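> Take a look at the following structure, please.
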Amino acid sequence: MKNLRSIITTRPQTLKTAALAAVAAACAALAGPANAAAAGQDVEANRQASGEASSPYATFLANYVEWVRTIEIEGQARGIALTPKQVELATRIGIEHPEKVRLVYVDEIPFPSEDPQMRKIGEELGFVGPGITNNAQAFGYTIWVRNGFDLTWPMLAHELVHVQQIERNASFGAFVEKYMKQLMAHGHEDMPLEVEAYEANRIHASQP
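Read left to right, the sequence shown gives residues 1 to 208 (our numbering).
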């Protein structure tokens, strides 16, 4: 929101159509600055202005955007800057500010599961839950990677594409809206944002 995805996972494709439709409709409530770290300041205003404000899915999305803001700030503080070769890759992919990208290695990709409602909707959408493993996810300019996962060159390229997708959108909320609508319409494998990212896997199949 990956970051909605910017999500690349090994989760099963069991997303509920009704939940996705509700989330896609609620996405219209989201708007804000161009990256996740700056998005939080407009969340409350968007909630009040939107007719979807009472929807649990609109609340989920607004809270998720705010949560991602804090996660990106944390990732910037603790993450590892790209190596010169990785910066070259990010530049070829089209990232305008590759110097901002950080890799953050953790035991588990974070999700606001401590909030029961956030976890409930996250499980409905297939983002978290039993049998679901999230290996890597971009939150703004930070890419969080599960310890033990082999972030190969093509997989890094994939995640960098998601960073670039977030960067080129008018706001993180706008990226979320686009991602959710595509996910509902096409499914994960065939949605244009993921097709673009998987093409990077092919183009950058081997490290130079």
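For each residue, glycine too, the CB sits at the ideal point set by N, CA and C. Just so we're clear, the structure is a prediction, and the values are computed from it rather than from any experiment.
With Phe139 as the anchor, note down where its beta strand (DSSP E) starts and where it stops.
Asn134 to Phe139
> Do Arg102 and Gln76 have their C-beta atoms closer together than 7 angstroms?
When the beta-carbon positions are compared, Arg102 and Gln76 come within less than 7 angstroms of each other.
> What did DSSP end up calling Thr70 once you bin it into helix, strand or coil?
helix
> Could you pull the DSSP bridge partners for Thr142 from this structure?
Arg102 and Phe139
> If you follow the alpha helix (DSSP H) that Asn147 is in, where does it begin and where does it stop?
No alpha helix (DSSP H) holds Asn147; DSSP gives it neither H nor E.
> Of the choices Glu108, Arg78 and Pro84, whose alpha-carbon is the least far from that of Gln207?
Pro84
> Answer yes if the region 114-125 comes into contact with the region 140-149, meaning at least three C-beta pairs across the two stretches below 8 angstroms, and no otherwise.
no
> For Ala39 and Val65, what's the separation of their Cα atoms in angstroms?
The predicted model places Ala39 with a pLDDT of 47, which falls under 50 and marks its position as unreliable, so this point remains unresolved.
> Output the boundary residues of the alpha helix (DSSP H) element that contains Phe111.
Neither: Phe111 is in no alpha helix (DSSP H) and is coded neither H nor E.
> Given a threshold of 16 other Cβ atoms within 10 Å of its Cβ, counted over all protein chains shown, does Ile203 qualify as buried or as exposed?
exposed
> CA-CA distance, Phe111 and Ile93?
27 angstroms
> For Val68 versus Phe127, is the C-beta spacing smaller than 7 angstroms?
no
> Return the chain-ordered list of same chain residues with a C-beta closer than 6 angstroms to the C-beta of Pro154, the five sequence neighbours on each side being excluded.
Asn201, His204 and Ala205
> Using a 10 Å radius around the Cβ and a threshold of 16 neighbouring Cβ atoms, would you call His97 buried or exposed?
With a 10 Å radius around the Cβ and a threshold of 16 neighbouring Cβ atoms, His97 comes out exposed.
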